[in-house]
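Taking it in order: structure first as structure tokens, then the write-up.
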Amino acid sequence: MRKFLFFTLLLILITISSSCIYKKQTAVKQEIKSEKIDLWLQKDLKKAGKNDLIHFFIVCNHKPSNMERREIEEKGVVINTVAGKMLTAQATKEQIKALTGLSYVKYLEGSKLLKPKKQ
């Protein structure tokens, strides 16, 4: 009888500990995930180190004003080019996450390396 109780308790402990590990892993994944960040940029964020600069696009709801561009730069983001509603930029992981809180930012898109087609 004691062996049966011991194995039952052991099974319960293993089940509880594995469910706790699973919950911690999903919480980490949700931290990076945002509806404003596309899959390509999410992939870049996972690969990048803490201080690595990531090249990406910022797509706004409207053409950003000078004040809105300054607000983006105050978060530490380096704006390279402005073309209407779109901006090219460089930033670290934390700076990119801070941009998702801005109401006028529609979404953030990862930059893709394009090569000319060989004919």
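Residues 30 to 148 in the working numbering are what the sequence shown spells out, letter by letter. For each residue, glycine too, the CB sits at the ideal point set by N, CA and C. Predicted model only: the values in this text are computed from it and were never measured.
Item	Value
Of the listed residues T129, Y133, I108 and I87, nearest to G139 (C-alpha basis)	I87
Span of the alpha helix (DSSP H) around I125	K122 to L128
Coil, strand or helix - K116 by DSSP	It is worth fixing the name first, because residue 116 is Leu in this sequence and not Lys. It is a strand residue.
Coil, strand or helix - K147 by DSSP	coil
Reduced DSSP category for K135 - H, G, I as helix; E, B as strand; rest coil	strand
Under the three-state DSSP convention, the category N109 falls into	strand
Rounded straight-line distance, which links the Cα of L131 to that of F33	58 Å
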